[in-house]
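Written out below as structure tokens is the structure these notes cover.
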Amino acid sequence: MAPLDEHAVATVFSTQVKSHDEKIILVEAGGFTPMRWFLEHAADGERDDVDMKPSKKRRKKSHENDASIDRHVHDHHDHAENEIPIHRVRLDLHFPETLSTRPANAKSLLEDVEFDDRLEVAVVPYGISEDSAGTRLRLTTPKDRDAVLFVDLDHIPSEARDAIRQIALPGQLKTAFAKQRATENPATKIKCTLKRSVGQLFTAVRLEAAVMWRSGISAFPAGMPVGKARVYEDYEFLAQAYPDKEREKEDHNASWSPADFYESVHVPSKSLQTEGLCDEVLDSELYPFQRRAVAWMLRREGVEKIDQGLAGISKSQMLKERLSFYEPVEDLSGQLCFVNYLQGILSRELPADGKVLSGGLLAEEMGLGKTVELMALIALHRRPEAPSGQVRDDHSETCVTPSKATLIITPNSILEQWRSELRRHAPALKFHLYKGIPRGLNAEESQDDIIKELAEDYDVVLATYNTLAQELHFAEDPPERSRRHERKYARKRSPLVQIQWWRVCLDEAQMVESGVTAAARVACRLPRLNSWAVSGTPLRKNVQDLHGLLIFLRYSPLNESPKLWNHLITNHRHLFKKIFGEIALRHTKSHIREELRLPPQKRVVLTVPFSAVEQQHYTTLFDEMCEDVGLNSDGSPKVEDWDPTDPGTVEMMRTWLARLRQTCLHPQVGGRNRKALGRGQGPLRTVSEVLEVMIDQNETNIRVEERAVLNAQLQRAHVLGNDGKDDHRSEKALEIYQNAMRCSAELVQEARDRLANAKTMLAAKGESTAESDDEESSESVRVLGRLRNNLRTALQLEHICTFFAATATFQIKSNEALTKAESQEFKDLEDQETVLYDRAKMLRKEILIDNSRKAETLMHKIEDLKEKGKMTKMPPIKDLNLAGIEGRRIVEKADELFDIIREQSNVICEWRGKMAEFLIKPLVDEDEGVETTGEEYEESTKLQDELYVYFDAVKAMQADLNTFITGEDAPLIDHEVKTLIRDARWFLDPKINTEGMVVHAPELQLKLLGKRNDFRAHKDRVGSIRGLIQEARLLE
């Protein structure tokens, strides 16, 4: 398609003018008379808008509303040359002298009449309808509530009719909609006018509607697209006028894969002549494909090889060779303009900045010599004589020191390889390892020396990504903050960002793929003239990884916005291919196989069999893998609908394959294996040590399964014991409980024996057997800790069995249908019940002995502090003594504030003492001489609830005390108090369902927090001590 340009002639039958609501006839139906009245009325209205001065009452409103609307509607009115017509429809309305006059044709009409632009008025078509008799147009002016012109005319060609509907009927020409349209459609301006004709034979009026594009303005309101599904009307206008034919060839619904990138990269032609290109440059001879790569890299930097050396390529020539997002097109008037489909821009002229990327992406397949190619580039294309003094870096807008050196950023792991390769292949290149910002007393002087040294003395400077990451805060400018005093010491700056490097190369550039890591942020800020990203695997996940590389390379405009990048890969796949076909180069071994002169490969296979331990470990992991992926050990699926292509299954199989490969080397190789065998970052275990760990893990698994079996038995006993329909339910449950109790006793004895044996062995070696909470304790201490935990778990299980057995015995004894009161059987059951409860009590003591000791130690400390009066006391507050009238006002205010603080301090001390009383209460089951009543648990729970309430109240009061002193509010504490009071009130309200709500002592909570709120209410009136200090200072 092309820009829409329709022209038609239609004979007018009659015209009529009505009021805005179409209820009052302003001009009766007739021929040209109603049209003339409407044209004059519209012209008078435009003159009124220009000439009329608003009254004082209207002036402010006019400025605030009409001026802003007028700014959007008539933007560039005086600069029509900056408006590009892309769609237009012209309808010439012919007024015949009589009804019998023959209709005028387009040719004769245009030969006779001329349309005077001075006689045109702006109109708004808001209705076009058609029936068997003809077509009816409804027109009005842009003013609100203005007259409506009805035009009845002959049938209009469908093309012209549809064009009018498409361009002018959206109703956005009205003044009321002008501001909204200018915001949502910043690039286009819809213009619709009526023009009076000047002719001898015909009387005609031209209705013309056009879409004008503001030159250089994007179709996207935010300057870039937002969201995939949103439709932009301006962009639709642009695409209709100038369809992107290359884009239409692509399937934009297809998913991306790494192959899309690798198929797009540039591969130099084998016919390219490069003989003698790198002769006597390196101490190694390059392969033909490597020389072609170096020639391509030279051209990317703006030079080419000639007989006498290197010659520069003009900027205009480079711009012609590089991809331009702007394509030349013609507007409706035949004038040249340029369209940018990616950014949705139509412009009269090309952008003046003319940025040219100097550098690119070297993505050679691994093993094809990226390092050697880069060294050849460094040796061949050195910086011409660097300017003296400092130069301005356009990107950072700072003054920097020019350098002849190439900065190479590399991972730590291959730093030594770079140094070795430079010594071997390019000994003539002087290189230096940059280790970071100098530190010490003379750091400022030494930093200046380092900048001068790096700029003048070396050809290559090496640095690591870790070094870059450490200098992030010295590379970026800190945010502007208001300061009371000027900074005393100058902020350090990284030397790397104070030098304009001749060339910056990122080796293993995929490490900056996100563009947001510390190293990536510093790398993007490095001043340089040439940029190279070097990586054999630039994609690790998907095409999103490439955006970080474009940010580093400063590939405009894609480096400026992630949204624009997403727009490219979503809607402009063809541009993606063009971009990386220009800036990226990659050879594969299969492509240059005939150029490689490698010695014949000799393969020797040595089979190393597993040891018995390794074989057992591998077999175990293999069985786990089969279980996870849904296979039997022979590889057959466990279910018929098993899908090997399921993404979850494929990912799991990949994970297991990597782990099994690692296990072939050593049972502890790989993160999962090291974690499974419990060594962490320590050295690898020997096979015998691995065997011990495997035995311990298997024993642990056995104990876990034994406990699981006993828990299942207890669950079964619980079910039987709660069967209300069975009178013998307690007897059946007791039998299971007793059997589980015997088994758990055996587990406890085994755990005791293992712990005792381990202590004996450690004591014989002279090692400590005491408990330790130190995370870095020895292996023997950790083993003892694990054995103690096993014993504690077994004791807990035996305690459960014993307690429920006692409970079942009590139920049998209490059931008169099973046991007669005061019978011998009753007494036996009572004795058995007592023994079981006593046994459960002893087990409970043994389980909690460690916790009890720790609790009692803390209780004794609190009790000792309380008895000796050593509890923390609030410091006394002295009254102020200031002279003068103003001083007296501050003293009175301080007296009231200090009284509140003293009362608050007394309450805090009182509540804290109450908490101490709760904390030193004796533990249940500890005193053998105290008779238990069965209500100990309930009383303990009640005290614990009250302790929680006092803790919350004291915490809130302490925060309020800090507020009275410093004036700093504690909104989080205020919110917590409001929530606690609300929950307590709800809990006490019988009308509110509080199921699942946990509220501690609601009555006490309301009482204490209410008292806290009474103190808090004085805050706004009395202020704070800090505020009083500031007022007192003002008196001085």
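The numbering of the sequence shown is UniProt numbering, which starts it at 1 and goes up by one.
Backbone N, C-alpha and C fix where the C-beta goes; we use that ideal spot for every residue, glycine too.
This one's a predicted model, so the numbers in the text were calculated from it and none came from an experiment.
> Could you give the uninterrupted runs of the beta strand (DSSP E) lying entirely in the stretch 125-163, keeping only those of 3 residues or more?
Replying inline: 134-140 and 148-153
> Lys1019 lies in the alpha helix (DSSP H); which residues open and close that run?
Replying inline: Lys1019 to Val1022
> Which two residues bound the contiguous alpha helix (DSSP H) that contains Glu830?
Replying inline: Gln824 to Glu867
>> Ignoring anything shorter than 4 residues, give me the alpha helix (DSSP H) runs that lie fully in the stretch 368-394, in order along the chain.
In response: 370-380
> With respect to the beta strand (DSSP E) encompassing Met212, which residues constitute its N-terminal and C-terminal limits?
Replying inline: Thr203 to Arg214
> Considering only C-alpha positions, which residue in the set Leu784, Thr686 and Pro384 is nearest to Leu529?
Replying inline: Pro384
> DSSP state of Thr700, grouped into three classes?
Replying inline: helix
> Nearest-angstrom Cα distance between Ala386 and Ala455?
Replying inline: 10 Å
>> Between which residues of its own chain and Leu677 is the CB-CB distance below 6 Å, once the five residues before and five after are set aside?
In response: Gln668 and Val693
> Which one of Arg707, Glu903 and Thr809 has the shortest CA to CA distance from Glu798?
Replying inline: Arg707
> Are Arg214 and Ala239 closer than 7 Å when you measure CB to CB?
Replying inline: no
> Between which two residues does the beta strand (DSSP E) harbouring Phe261 extend?
Replying inline: Segment Pro258 to Tyr262 is the alpha helix (DSSP H) holding Phe261; no beta strand (DSSP E) there.
> Count the other CB atoms within 10 Å of the CB of Lys845; is the residue buried (16 or more) or exposed (fewer)?
Replying inline: exposed
> When DSSP labels each residue in this structure, what does Asp402 get in the three-state scheme?
Replying inline: For the sequence presented, residue 402 should be read as Pro rather than Asp. Strand, per DSSP.
> At what residues does the alpha helix (DSSP H) containing Pro736 begin and finish?
Replying inline: For the record, residue 736 in the displayed sequence is Ile; it is not Pro. Where Ile736 is concerned, the enclosing alpha helix (DSSP H) stretches over Arg729 to Ala764.
>> Per DSSP, what are the beta-bridge partners of Leu346 in this structure?
In response: Val339
> According to DSSP, is Arg1026 helix, strand or coil?
Replying inline: helix
> Are Leu755 and Leu791 touching if we call contact CB-CB under 7 Å?
Replying inline: yes
>> Would Thr570 and Asp507 be called neighbours here (beta carbons separated by less than 7 Å)?
In response: no
> When we look at the beta-carbon of Arg1026 and count the other beta-carbons within 10 Å, is it buried (16 or more) or exposed?
Replying inline: exposed
> Just checking my contact of Arg300 with Ser358 at CB under 8 Å: how many whole Å lie between their CB atoms?
Replying inline: 7 Å
> When you compare each of Ala163, Val123 and Val998 to His7 by their alpha carbons, which one comes out closest?
Replying inline: Ala163
> In the DSSP assignment, what are the bridge partners of Trp501?
Replying inline: Arg528
> Should Phe289 go down as buried or exposed, given a rule of 16 or more other Cβ atoms within 10 Å for buried?
Replying inline: buried
> Could you give the residue range of the beta strand (DSSP E) that holds Leu550?
Replying inline: Here Leu550 belongs to no beta strand (DSSP E); instead the alpha helix (DSSP H) covers Asp545 to Leu553.
> Taking the Cβ atom as the reference point for each residue, do Met375 and Ala311 lie within a distance shorter than 7 Å?
Replying inline: no
> For the 8 Å Cβ check, are there 3 or more pairs between the stretch 737-744 and the stretch 709-716?
Replying inline: yes
> Should Leu298 go down as buried or exposed, given a rule of 16 or more other Cβ atoms within 10 Å for buried?
Replying inline: buried
> Taking Ser535 as the reference, which of Lys589, Cys505 and Val497 has the closest Cα?
Replying inline: Cys505
>> Rounded to whole angstroms, what is the Cα-Cα separation between Pro990 and Trp656?
In response: 58 Å
>> Given this structure, state the Cα-to-Cα distance separating Leu380 from Leu549, to the nearest angstrom.
In response: 25 Å
> Is there contact here, the stretch 326-335 with the stretch 557-565, by at least three beta-carbon pairs under 8 Å?
Replying inline: no
> Helix or strand or just coil, what does DSSP make of Cys192?
Replying inline: strand
> Helix, strand or coil: which one does DSSP assign to Tyr326?
Replying inline: strand
> Exposed or buried, what is Ser324 when buried is set at 16 or more other beta-carbons lying within 10 Å of its beta-carbon?
Replying inline: exposed
> Just curious, the beta strand (DSSP E) that Ile84 is in, first and last residue?
Replying inline: Glu83 to Phe95
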